[in-house]
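This report refers to the structure that appears directly beneath it.
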Amino acid sequence: MRVEMVEGNEAERYDPGVVNMDKRCSCGHQMELKLSTVVFKKNAEIENVPVLICDTCNHSEIFPPVKPCLVSLLGRLKALLPEKIHLRFDERNEIARIIQLQQKQEAGVEGVRRLIEERINELLDMLLLARSLEDQEWVDDIQQKLVQLTDKTLAAVIISFSRNRINR
Ligand SMILES: [Zn+2]
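In terms of our numbering, the sequence shown opens at residue 180 and continues consecutively.
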């Protein structure tokens, strides 16, 4: 499954305060959360991007909580094109990372909460280390990752779009 990403004002259409929990496609069917490869300007391939897909009409859109991160990544990649680029989004985005783990473990909402909690603790340990080393770039990077995970509704949103809903 590949999704072609066209340049536009995707970022402006995203409102971080509003994540629709019962997202339906314009054709009326339920959208499903999947990890997909996004292709940008033919040469950039980004693997494991969370995408909402309608199985009925094939409409797809980027999972709203990861959109700001993806848009800023594409902005930075633009400078490197037309060189071939291949990278993994789950290595750069914490939400994509959690979704990948959730799908692998078929985790339910409690499982996702636990995954998020464990990752936050791990990042907080890294933050202490980065601070003690006075590595400001690393500190900034970790803080940005923590921000991605601190949305309280995130676990519920991930589950509401996932087919593998096993309560654990
Ligand atoms: Zn549809």
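Where is the CB? At the ideal position from N, CA and C, for every residue including glycine.
Values in this document were obtained by computation on a predicted structure and should not be read as measured data.
Next item on the list: Compute every distance between the C-beta of SER205 and the non-hydrogen atoms of ligand 1, then say whether any falls below 8 Å.
Entry: yes
Next item on the list: Assign LYS263 to buried or exposed, taking buried as 16 or more other Cβ atoms, counted over all protein chains shown, within 10 Å of its Cβ.
Entry: exposed
Checklist line | Start-to-end residues for the beta strand (DSSP E) that takes in LYS213 | finding: 211–219
Margin query: Could you check if THR235 belongs to the surroundings of ligand 1, using beta carbon to heavy atom distance under 8 Å?
Written below: yes
Note to self: Please report the distance separating the alpha-carbon of HIS265 from that of LEU214.
What the structure shows: 15 Å
Check: Based on Cα-Cα distance, which residue from THR235, ARG271, ARG293 lies nearest to PRO229?
Finding: ARG271
Next item on the list: Would you mind working out which of ILE232, ASP269, LEU253 sits nearest GLY207, comparing C-alpha positions?
Entry: ILE232
Notebook entry, point to check: Buried or exposed: LYS324, going by 16 or more other Cβ atoms within 10 Å of its Cβ?
Noted result: buried
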